[in-house]
Structures are given as structure tokens and as C-alpha cells.
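*Asks:*
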Amino acid sequence: VIEVGTPERVVKTTCAYCGVGCSFDAHMRGETVVKMVPSKDGKANRGHSCVKGRFAWGYATHAERILNPMIREDYRDPWRVVSWEEAIRFAADRLRATQERHGRDSVGVITSSRCTNEETYLVQKLARAVFGNNNTDTCARVCHSPTGYGLKTAFGTSAGTHDFDSVEETDLALVIGANPTEGHPVFGSRLRRRLREGAGLIVIDPRHIDLLDTAHRNDAIHLPLLPGTNVAVLTAMAHVIAAEGLYDEAFICERCDWDEFLEYRDFLLDPRHSPEEVERQSNVPADLIRQAARAYAAAPRASIYYGLGVTEHSQGSTTVMAIANLAMMTGNIGKPGTGVNPLRGQNNVQGSCDMGSFPHEFPGYRHVTDIETRKLYEQVWGVPLSDEPGLRIPNMFDAATQGRFKGLYCQGEDVLQSDPDTSHVQSALASLDILIVHDLFLNETSNYAHVFLPGSSFLEKDGTFTNAERRINMVRKAMTPKNGYADWEITVMLANALDAGWDYSHPSEIMDEIALTTPSFAGVSYDLLDREQSVQWPCNAKAPLGTPVMHIEGFVRGKGKFINTEYVPSEERTGGRFPLLLTTGRTLTQYNVGAQTRRTDNTVWHPEDVLEIHPHDAEQRGIREGDYVRVASRAGDTTIRAKITERVAPGVVYTTFHHPNTQANVVTTDNSDWATNCPEFKVTAVQVSPSNGP
Ligand code: SF4
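With the UniProt record's numbering applied, the sequence shown corresponds to residues 244 to 937, in that order.
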């Protein structure tokens with residue numbers, strides 16, 4: 244399947260799937276990939292890869308890929324294939340007319356965590372400098388926006404604190420809401436190796452994950468909590484550490500505010516945070532909570548790794564801050580083997596956030612009301628800029644249904660399939676005067692589009708991705724764009740049709756502009772990246788070769804900040820009509836909604852999604868292995884096959900969401916994180932009943 248001829252050249256690039264950011268050598272023959280070989284000198288993967296990066300690149304040449312631009316007057320009309328010139332002119336004219344009719348703030352953009360830093364930078368610049376507003380948001384809104392908020396609040400910067408190499412020095416890994424061997428396989432293997440060498444393991448997850456089965460780890464601690472109770476359990480662990488005096492007083496005195504810690508300690512010592520009380524809320528035995536707290540506090544170097552099981556909750560941001568509290572109170576930050584490390588799901592989640600995709604922040608996480616920063620961008624971009632924060636994705640949809648938001652440029656993101664409350668998103672998209680979808684394939688969102696701009700795959704362009712450890716990796720063009728243009732060129736064409744006057748001739752020039760305007764990228768250039776393979780930001784005069792471990796001498800914000808993390812139960816409670824809690828995750832061979840992996844041979848390994856249900860719950864409902872079941876919530880229902888397993892606890896059901904048959908977001912509700920609007924994908928009260936099939 245893979246080998247098709249003898250390679251003529253090798254192009255070093257970066258995997259476009261998960262946030263591990265593995266380096267690959269693309270062995271090319273003409274315009275054809277002969278094979279993808281993980282690079283031995285790849286700093287994130289050191290010659291290793293998983294089945295996605297190594298084998299699942301065939302979507303780039305899949306027959307369903309759209310290669311010509313298309314337009315239509317109304318989304319119900321058939322598509323008309325047109326030239327690039329006509330498509331860009333049509334899109335620009337409609338955007339201009341929409342702003343003339345409905346005002347400057349009636350249009351916006353959604354950037355993608357799948358695209359390069361340079362492409363993302365240009366799309367947010369389009370909103371700010373050309374549309375004249377801050378209506379720019381990223382698909383990270385629905386995954387790691389609480390990471391940005393929580394870590395910035397606690398430490399002063401919206402990023403993981405440590406490099407992957409740091410895992411080699413950890414004595415104990417606390418993994419919460421993540422399944423690294425399936426979701427981040429190459430890092431998962433490194434972690435597994437470290438566990439085999441003797442490091443301890445705490446897993447906080449409603450489901451039994453494979454890491455727990457790692458050989459020689461009979462003493463691994465699993466806290467199988469009910470979905471939605473992360474904050475209660477983490478705060479109870481902190482309660483134990485506070486009550487038993489297991490905190491690192493010297494670290495707290497030096498790196499945090501001692502008086503603030505004392506207030507936090509008073510908060511923790513309230514009996515409502517005791518393990519016994521939390522056992523009632525979370526179903527986790529109090530003794531296990533105590534055991535986990537003592538193990539984490541006692542480890543000389545303990546690290547925390549987390550994923551979307553932390554962020555996609557109504558208390559996602561609070562959970563991130565509860566994690567930061569644990570690390571600070573035990574001194575597990577700022578030295579190798581420790582840290583707080585979000586495992587980013589998509590290849591460039593970190594980068595899309597770094598590049599200013601948020602409606603309140605310029606690149607480098609500087610607020611739009613910051614006068615000095617705005618002045619700098621006004622000078623470099625040559626236009627006045629708005630100081631009013633723009634709309635987040637859910638606010639765009641709300642404003643659209645209210646007739647206040649009428650135009651959207653959506654790059655590399657199928658919002659209709661990825662965002663919660665499908666019918667609301669549908670109504671919003673249907674009400675737009677202009678929807679431009681820029682993607683590889685027609686998708687659910689493009690059903691409502693007026694312009695389809697065919698995108699280029701990672702094999703067809705130059706640029707950079709930033710992985711979960713802040714590592715800026717090069718993406719290099721291995722073949723000519725099949726659609727005619729790299730994505731950054733398409734955004735430039737659109738901007739120039741709106742009189743922007745941009746004159747970039749290569750992504751390296753975009754990176755030069757990023758370096759000029761973003762302090763944490765000040766030292767980054769393509770020359771440096773070519774020479775060093777990759778660097779981790781901050782990369783500037785103080786750290787010319789980058790920064791593997793952050794917060795070594797002090798936190799970016801000065802003193803680390805403790806936050807009282809009060810547990811607030813999710814609105815999704817079980818009982819009555821919906822007695823079970825549904826949570827979701829990923830499997831090794833597939834990726835997100837499957838737009839890419841389902842168009843590769845990887846499909847043979849996971850041909851459909853299934854619903855995992857505990858034998859007790861299945862028996863109560865007369866459900867047998869492989870039966871179709873109906874999963875119903877207050878938002879909607881879907882039909883899926885059942886898999887009976889003790890991996891999930893009684894009362895909890897679980898599914899992946901890689902295939903359209905799952906329709907997971909028809910069932911998920913519109914609850915979201917209080918601080919960032921990140922949807923609560925991980926907790927939905929449902930009923931499961933036998934069904935005759937879809
Ligand atoms: Fe790609 Fe992630 Fe697999 Fe590495 S671990 S090959 S980055 S999907």
C-alpha cells in the first residue's frame with residue numbers, strides 16, 4: 244500500500260495530526276509520496292511515529308478532494324466551478340457589501356489549528372487590519388481555550404511548562420482527562436517507557452485507559468471519577484496536602500505569595516473539600532483520593548499531563564487552575580521532570596492560540612486594549628485597529644441568529660460537525676449573507692457556504708506548526724499544491740481583493756513579521772529553524788535557542804497565583820429520564836471527526852464508533868454485545884452499536900466520534916466553560932435503550 248517506486252528526494256516535514264509534532268522524512272518521487280519515515284533527528288519523536296503520521300497521509304491525494312474554487316448565489320443553489328480570480332472577487336465583493344449594509348462588525352473569521360502559524364497569523368490579521376474588527380476566533384475555542392485562560396491566570400503564560408524530554412526525569416506522572424497512548428501515541432510510548440523504568444502513575448479518568456496496564460506498575464492509582472467532577476477531586480487532593488502539611492513551604496515562599504497561599508489553604512481546609520465529602524460527589528473512594536494526594540506530594544519530581552477531559556467542561560478553566568495549584572503547592576514546576584503539560588489534540592492548537600486567533604488578544608497573548616501593543620501593530624500593519632474585543636465562535640453564532648453577524652470566512656474547520664448544539668449552528672450558518680469555506684473537502688459546514696476555496700494539504704506548502712511543548716517545527720513543501728495555491732497565498736489574494744496591499748512572497752516573510760511584533764518569537768526565523776531543526780518559544784535575545792522548560796527562576800507573571808477552585812456541579816446531572824453520563828474520547832488509528840483518516844487505509848482498523856457500556860447497565864437494559872442502541876439526551880438522540888466492557892464504570896458510557904454515524908454533537912448540550920465558552924463535550928446526561936438500528 245505504501246511503497247510506490249524508488250524515491251528521488253527526501254523532504255523533511257512535520258506530521259499534521261496531533262500536538263506531539265513528529266518530524267517525518269517524506270520520500271518523494273516526482274509529485275508522489277513513496278513513503279513517510281519518522282525522522283531519527285526529530286526532536287519531538289526521535290525516529291518514532293504512530294499509525295496516523297506514518298500511514299494516514301493519503302487523504303492529500305484522495306479523489307474527493309476539491310481542487311477548483313466554487314461559488315453560488317444562495318447556499319441552496321448548485322455549486323458553479325469558477326476561476327480563482329472570479330471566486331476571490333465574488334467573496335470580496337460580498338464581504339464588502341455585507342459590511343456596507345450591516346456595519347464593520349458584521350463579519351469575522353475562524354482560524355484553524357490544522358493550518359500553519361503563518362496562515363493563522365494572516366487570517367487574524369485579515370479580521371483586524373482589513374475587516375477592521377477583532378472578530379477572530381479559533382477552533383481551539385472548543386478544545387483548549389480553558390488551558391489558555393487557566394495557565395495564563397496562574398503562571399502568566401498560556402502554554403505547557405515543560406518539554407517532552409522532561410518525562411525521562413519524572414518520578415511520578417499524574418495523567419488526567421487524557422489517554423496518551425491513543426491520542427498522543429509517540430509521547431504515550433515515552434511515558435510508558437518511563438513507567439516501566441519505575442516512575443509512579445496516577446490516572447484521573449472515568450475510564451480505564453491502557454497506561455494503567457503498563458507492565459510493572461501494579462501500584463498505579465486510578466481515580467475513576469464521575470464525568471464532571473474533576474474540580475472536586477483535584478481540590479480534595481489539595482485538601483489532603485494542606486491538611487497533612489505536605490506542601491513545599493520553601494517553594495511557595497520564594498515563588499508565590501505566602502499570604503495568598505494561606506488564604507487558599509483556609510479555603511482548602513473547609514470540610515466540604517474533604518475526601519469523604521468528595522467521594523459522595525465523584526464516586527471516588529476517599530482512601531484513593533488520599534493515596535493519590537500523598538503519592539503526588541511525596542514524589543521528588545512529579546509531572547501532570549492533561550487533555551480534553553480537563554478542558555471540555557463547564558469548569559474547564561477552573562480545572563486547569565486546580566492543576567496549577569497542585570503543582571505550585573508541591574513545588575512541581577520550573578525544573579525537569581515536573582510541570583503542567585496540556586497535551587494538545589491538533590497539530591497546531593498551540594500555534595493558533597499563539598498567533599492571536601482570539602478575539603481579545605493579539606499574537607503573543609497581548610490584550611487588544613493594550614495601547615502599546617496596538618500602536619505597534621498599527622505601525623507595522625499601517626492601519627488603525629479596534630480596541631474592542633470581538634466575538635467568540637458561539638457569540639458569532641448567537642449574533643448570526645439575531646441578524647447582527649452576516650459574514651464568515653472559515654478556514655480548515657468544519658464547525659457544523661465540531662461545535663455543540665448542531666441545530667443552532669445550522670440556523671446561524673443558514674442566516675449568513677456570505678459564508679466562505681476554505682478546506683480540502685466539502686463538509687457539513689460547506690452545505691451552507693456561498694464560496695468554497697479549495698485548501699492545500701501539509702505536503703503542499705511551507706510553514707511552521709507549534710507542538711504541545713511550544714516547539715516550532717518546520718513544514719516543508721514536498722509537492723506542488725494540487726489546488727494551485729498554498730493556503731497562505733489564498734488568504735493574501737482575498738485580503739488584496741479587499742485592497743489590503745499585502746506583498747508577501749514566501750511564508751518566511753510572514754514569520755519575520757511575527758518575530759518583529761511578538762516578543763516570545765523575536766528570535767525565530769526560517770534560517771534559525773533550518774539550522775536547529777526546531778526551537779521552543781520563548782525564543783529571543785534572552786533565550787536565542789529557545790526555552791525547553793519555563794518558569795525556572797520565576798513565573799512569567801511574577802508570583803504564581805493560587806485560585807480558590809470551588810466545585811460547581813455540571814448542569815448535566817443524572818436521574819429521571821437520563822440516568823447515565825456520556826463522555827467521549829479518541830482511538831489510536833482515527834483522528835477527530837475523521838475528515839482525513841477516514842479517507843485513508845486506517846479505516847480498516849476502526850470502521851465504526853461504538854458505545855462502551857458497563858455489563859451491569861447493559862444487562863439492566865437488555866442490551867447485548869453488538870446490539871444497536873439509542874442514545875438520547877435533552878439535546879437530541881443518535882443510534883450506535885454497543886460494546887459491553889468494564890473499562891467504563893457503572894453509570895458511565897463512552898464513545899469515540901470519528902465517524903459521521905456517531906453524531907455525538909447531536910447529543911451533546913450547549914453547556915460551556917464559564918470563562919471561555921469551551922463546550923462541555925465530556926459530560927452529557929443520557930438514556931441508552933435498545934434500538935433496531937439507524
Ligand atoms: Fe503524528 Fe501525533 Fe502520531 Fe506523531 S504521535 S505521528 S504527531 S499523530
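Even glycine gets a Cβ: it sits at the ideal position worked out from N, Cα and C.
Based on Cα-Cα distance, which residue from Q906, L569, T707 lies nearest to L772?
*Replies:* The residue you call residue 772 lines up with position 529 of the sequence shown. Comparing Cα-Cα distances from L772 to each of Q906, L569, T707, the minimum goes to T707.
*Asks:* Give, in chain order, every unbroken run of the alpha helix (DSSP H) that is at least 4 residues long and sits entirely within the region 290 to 348.
*Replies:* Here the runs fully enclosed are 294 to 298, 327 to 345.
*Asks:* Terminal residues of the continuous alpha helix (DSSP H) containing R498?
*Replies:* Position 255 of the sequence shown holds residue 498. That run of the alpha helix (DSSP H) goes 492 to 498.
*Asks:* Could you pull the DSSP bridge partners for G351 from this structure?
*Replies:* Residue numbering aside, residue 351 sits at position 108 when the sequence shown is read from its first letter. G351 pairs with L651.
*Asks:* Output needed for S751: all residues of its chain with C-beta closer than 7 Å, excluding positions within five of it in sequence on either side, in chain order.
*Replies:* For the purposes of this step, residue 751 is taken as residue 508 along the sequence shown, with counting starting at 1. Within the same chain, S751 has close Cβ partners Y769.
*Asks:* Could you check the C-alpha separation between C358 and N591 for me, to the nearest Å?
*Replies:* Taking the sequence shown and counting its residues from 1, the one referred to as residue 358 is at position 115. Taking the sequence shown and counting its residues from 1, the one referred to as residue 591 is at position 348. Rounded to the nearest angstrom, the two C-alpha atoms are 7 Å apart.
*Asks:* Among I614, D597, R873, A479, which one has its Cα closest to the Cα of L531?
*Replies:* To locate residue 531, count along the sequence shown from 1; it is residue 288. Nearest of I614, D597, R873, A479 to L531, Cα basis: A479.
*Asks:* Starting from the C-beta of R841, find all residues in its chain whose C-beta is less than 8 Å away, skip the five residues before and the five after it, and write them out in chain order.
*Replies:* Counted from its first residue, the sequence shown places residue 841 at position 598. Cβ neighbours of R841 beyond the five flanking positions: Q833, H901, H902.
*Asks:* What did DSSP end up calling D844 once you bin it into helix, strand or coil?
*Replies:* What you label residue 844 is simply residue 601 of the sequence shown in a count that begins at 1. Correct three-state label for D844: helix.
*Asks:* Taking a cut-off of 5 Å, which residues have a beta-carbon closer than that to any heavy atom of the ligand SF4, in chain order?
*Replies:* The filter returns C258, Y260, C261, V263, C265, S292, C293, K295, G296, P428, V429, in chain order.
*Asks:* Is it a yes or a no for the region 857 to 871 touching the region 882 to 893, going by three-plus beta-carbon pairs under 8 Å?
*Replies:* Taking 8 Å as the limit for Cβ pairs, the verdict is that the region 882 to 893 does touch the region 857 to 871.
*Asks:* If we ignore side chains and look at the alpha-carbon of each, how far apart do Q906 and V668 end up?
*Replies:* The count along the sequence shown starts at 1 and reaches residue 906 at position 663. The count along the sequence shown starts at 1 and reaches residue 668 at position 425. Computed Cα separation, rounded: 14 Å.
*Asks:* Here's the rule: buried if 16 or more other CB atoms are within 10 angstroms of the residue's CB, otherwise exposed. What is S932?
*Replies:* For the purposes of this step, residue 932 is identified with residue 689 of the sequence shown, where counting begins at 1. Exposed is the call here.
*Asks:* Taking the straight line between their C-alpha atoms, what separation do you get for I245 and G588?
*Replies:* If you number the sequence shown from 1, residue 245 lands on position 2. If you number the sequence shown from 1, residue 588 lands on position 345. Caution is warranted here: a pLDDT of 46 is assigned to I245, below 50, making its placement in the model unreliable, and the coordinate value is therefore given only provisionally. Using only the alpha carbons, I get a separation of about 26 Å.
*Asks:* With a threshold of 7 Å on Cβ separation, who are the neighbours of P632 within its own chain once the five nearest residues in sequence on each side are excluded?
*Replies:* If you number the sequence shown from 1, residue 632 lands on position 389. Once the five neighbours on either side are set aside, the close Cβ partners of P632 are N377, P602, H603, V611.
*Asks:* Using three-state DSSP, classify Y834 as helix, strand or coil.
*Replies:* What you label residue 834 is simply residue 591 of the sequence shown in a count that begins at 1. Residue state, collapsed to three classes: coil.
*Asks:* Identify whether A928 lies in helix, strand or coil by the three-state DSSP scheme.
*Replies:* Your numbering for residue 928 matches position 685 in the sequence shown. Strand, per DSSP.
*Asks:* Output the distance between the C-alpha atoms of L854 and P321, rounded to the nearest integer angstrom.
*Replies:* Taking the sequence shown and counting its residues from 1, the one referred to as residue 854 is at position 611. Taking the sequence shown and counting its residues from 1, the one referred to as residue 321 is at position 78. Cα-Cα distance, rounded: 37 Å.
*Asks:* When you compare the region 747 to 764 with the region 337 to 353, are there three or more beta-carbon pairs, one atom per stretch, that lie closer than 8 Å?
*Replies:* Cβ pair count under 8 Å is below three, so no.
*Asks:* For a test of the three-state rule: what should DSSP assign to I245, helix, strand or coil?
*Replies:* In the sequence shown, the residue the question calls residue 245 occupies position 2. Confidence in I245 is poor, its pLDDT being 46 and thus under 50, which makes the residue's placement unreliable; the coordinate value appears in the next sentence. Here I245 sits in coil by DSSP.
*Asks:* Quick one: residues in its chain with C-beta nearer than 6 Å to the C-beta of S388, no 5 flanking neighbours on either side, listed in chain order?
*Replies:* For the purposes of this step, residue 388 is taken as the residue at position 145 of the sequence shown. T919, C921, listed in sequence order.
*Asks:* Excluding the 5 residues flanking V385 on each side, which residues of the same chain have their C-beta closer than 7 Å to its C-beta?
*Replies:* The residue you call residue 385 lines up with position 142 of the sequence shown. Counting only Cβ-Cβ distances below 7 Å, and skipping sequence neighbours, we find S661, D662, C921, P922.
*Asks:* For F267, which of helix, strand or coil comes out of DSSP?
*Replies:* Taking the first residue of the sequence shown as position 1, residue 267 is located at position 24. The answer is strand: DSSP assigns F267 an E or B state.
*Asks:* Does the beta-carbon of E555 have 16 or more other beta-carbons within 10 angstroms, so that it is buried, or is it exposed?
*Replies:* Numbered from 1 along the sequence shown, position 312 holds the residue referred to as residue 555. Looking at its Cβ environment, which holds 16 or more other Cβ atoms inside 10 Å, E555 is buried.
*Asks:* Applying the criterion that 16 or more other CB atoms from any shown protein chain within 10 Å of the CB defines a buried residue, is S934 buried or exposed?
*Replies:* Counted from its first residue, the sequence shown places residue 934 at position 691. It counts as buried.
*Asks:* Is C921 helix, strand or coil when you go by DSSP?
*Replies:* Your numbering for residue 921 matches position 678 in the sequence shown. Residue state, collapsed to three classes: coil.
*Asks:* Identify, in the order they occur along the chain, each residue of the same chain with its Cβ nearer than 7 Å to the Cβ of V280, setting aside the five sequence neighbours on each side.
*Replies:* Counting from one through the sequence shown, the residue named residue 280 turns up at place 37. These residues qualify, in order along the chain: F267, D268, H270.
*Asks:* Can you say whether A784 is buried or exposed, counting buried as having 16 or more other CB atoms within 10 angstroms of its CB?
*Replies:* Locating residue 784 in the sequence shown gives position 541, counting from the first residue. The residue is exposed, with fewer than 16 neighbouring Cβ atoms inside 10 Å.
*Asks:* Helix, strand or coil for A545 per DSSP?
*Replies:* Here the question's residue 545 lines up with position 302 in the sequence shown. A545: strand per DSSP, three-state reduction.
*Asks:* Sort F640, W780, G698 by Cα distance to P312 and report the nearest one.
*Replies:* Within the sequence shown, residue 312 is the residue found at index 69, counting from 1. The option with the nearest alpha carbon to P312 is G698.
*Asks:* Should the region 409 to 419 be regarded as contacting the region 428 to 440, the criterion being three or more beta carbon pairs within less than 8 Å?
*Replies:* Segments in contact, yes.
*Asks:* Alpha carbon to alpha carbon, how far is R308 from Y302?
*Replies:* As a first step, residue 308 is located in the sequence shown; it is residue number 65 there, counting from the start. As a first step, residue 302 is located in the sequence shown; it is residue number 59 there, counting from the start. When rounded, the distance between both Cα atoms is 8 Å.
*Asks:* Among all the DSSP beta bridges, which residues are the ones paired with L444?
*Replies:* Locating residue 444 in the sequence shown gives position 201, where the first residue counts as 1. Paired residue(s): A416.
*Asks:* According to DSSP, is K255 helix, strand or coil?
*Replies:* Here the question's residue 255 lines up with position 12 in the sequence shown. Of the three classes helix, strand and coil, the one that applies to K255 here is strand, per DSSP.
*Asks:* Assign T899 to one of three DSSP states: helix, strand, or coil.
*Replies:* Locating residue 899 in the sequence shown gives position 656, counting from the first residue. Three-state result, T899: strand.
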